[in-house]
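Count along the sequence shown from 1, then add 1; that gives the number in the numbering used here. Please read the structure below before turning to the comments.
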Amino acid sequence: MQGFLNLNKPAGFTSHDCVARVRRLLKLKRVGHAGTLDPAATGVLPIAIGNATRLLQFLQSDKAYRATIRFGIVTTTDDLEGEVLHQAAVPNLDRASVEALIPQFSGSIAQIPPRYSAIQVQGKRLYDLARSGLEVEVPVRTVRIDAIEIQAWRPGDFPELEVDIACGAGTYIRSIARDLGDLLGTGGTLAALIRTRSSGFDLADSLTLEELSDRIARNIWQPISPDVALNHLPIVTLDAQTAKRWCQGQKTPYRQAIDLCRVEDEAGKLLGIAKTIATENGWLLRQQVVLSAVE
C-alpha cells in the first residue's frame, strides 16, 4: 500500500501521535507526515503511507490557516499552552486599530520564531533550550504571507481577532499573534488554530481518526494516489526501453531543461521524480526518487 491520507488532526495530539495511530490502524510501519502541527492546533495533517513517504519533500509547500488571536495576554509560548507572562484587560481596543496594522503582515516579512519551537540553534531544538532555562538569540527568518483577511472581531476585556492566513512553509502563526499584539501595545497570543489547507489537501476533504478507523473496518478506505498529491508537478512520459534505463539509474538524455517532474511510463504508471541537469552534451533526466522498477 502506498499513497496519502488527508487527516484532520484532533486537538491534544502531536503530529507524531497521529502517525503512531495511523500505523496501528493500517498495521504498517512506514508512515510519515508533512508539516508539523502544534498539539493544540487542529486541521489538515498530510500523512504519507508506504513508499509515498519518499515523496513528502515534493509536496506543495503552501499552507492556509484560520487563526484566533487574543489581545491583552502574553505567554512564554505565544499561545495559550504556555505560562502567562502578562495579562491586562484592553476593552477599548477596537477593530479599526487592529485592521490598520494588518497590511504589515503581508508579503515577505521578517519573523522571529517562538522560543518554544522545533527550530535548531547551536544543534539543539529551541523548545529544549527554553525548557532548560537557557537564553539564546532566536534567528530572524524571512517568511511569505500571501494573504491575511479578517473574518471576525469579538470585542471584550480580552478581544479576539479571527483571521484567515495563506502563507509559505516555515511561517509561525504564533509569531504573527505575538507581533501584532506588540505593535498594538496590548500583547497578543494565539488562542486557536485550524489548518485549512496544506500540501494541496483541503480541510473539507479530510478524515478524522474515527472516520478513518470506520472506513478501514468496513474495507472501503483507499489512500490518495501519489499522482493526485503531486499534480502540481509536470509529467515526463518515457517509452518502455527508456523507462527501464531510467529506473536502473542510467543516464537518460532529455530534450530540454525541466524542473522537478513526475516520471511515468506509457501506461501512466508513476515511476518516480526527476529533474534535469546540464551537461556538455545536453540535458540529462536525473533521478531524484525511483519508486518502481520496470521489467
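For each residue, glycine too, the CB sits at the ideal point set by N, CA and C.
Check: Helix, strand or coil: which one does DSSP assign to residue 284?; Outcome: strand
Check: Near residue 20, what residues of its chain come up, given a Cβ to Cβ distance below 6 Å and the 5 sequence neighbours on each side ignored?; Outcome: 32, 34
Check: Going by the DSSP bridge assignment, what does residue 275 pair with across the sheet?; Outcome: 262, 288
Check: So what's residue 142 in DSSP terms, helix, strand or just coil?; Outcome: strand
Check: Given a cut-off of 7 Å on the beta-carbon distance, is the pair residue 202 and residue 149 in contact?; Outcome: no
Check: Please report how far the alpha carbon of residue 231 lies from the alpha carbon of residue 71, in whole angstroms.; Outcome: 37 Å
Check: Consult DSSP for residue 137 and reduce its assignment to one of helix, strand or coil.; Outcome: coil
Check: Below 8 Å on the Cβ atoms is my guess for residue 196 versus residue 45; work out the distance and round it to an integer in Å.; Outcome: 5 Å
Check: So, are the CB atoms of residue 41 and residue 82 less than 7 Å apart?; Outcome: yes
Check: Have a look at 47, 108, 111 and flag the residue whose alpha-carbon is nearest the alpha-carbon of residue 58.; Outcome: 47
Check: Out of 234, 268, 30, 286, state which residue places its alpha-carbon closest to the alpha-carbon of residue 262.; Outcome: 234
Check: Using 10 angstroms around the beta-carbon of residue 64, count the other beta-carbons present and answer buried if the total reaches 16, otherwise exposed.; Outcome: buried
Check: With 16 as the cutoff for other CB atoms within 10 Å, does residue 244 come out buried or exposed?; Outcome: buried
Check: Compare the Cα-Cα distances from residue 239 to each of 54, 268, 104, 211 and report the closest residue.; Outcome: 268
Check: Classify residue 81 as helix, strand or coil using the three-state DSSP reduction.; Outcome: coil
Check: Just to confirm before moving on: does the CB-CB distance between residue 14 and residue 49 stay below 7 Å?; Outcome: no
Check: With distances taken Cα to Cα, identify the nearest neighbour of residue 1 among 133, 152, 109.; Outcome: Summary: the structure shown does not reach residue 1, with the chain confined to residues 2 through 296, and so no result is reported for it.
Check: Give the single residue among 270, 265, 251 whose Cα lies nearest to the Cα of residue 287.; Outcome: 251
Check: What does the alpha-carbon distance come out to for the pair residue 126 and residue 176?; Outcome: 17 Å
Check: Have a look at residue 99 and residue 74 and give me their C-alpha separation to the nearest angstrom.; Outcome: 15 Å
Check: List the DSSP bridge partners of residue 64.; Outcome: 168, 199
Check: Quick check on this structure: which residue in 120, 155, 147, 154 has the alpha carbon closest to the alpha carbon of residue 138?; Outcome: 120
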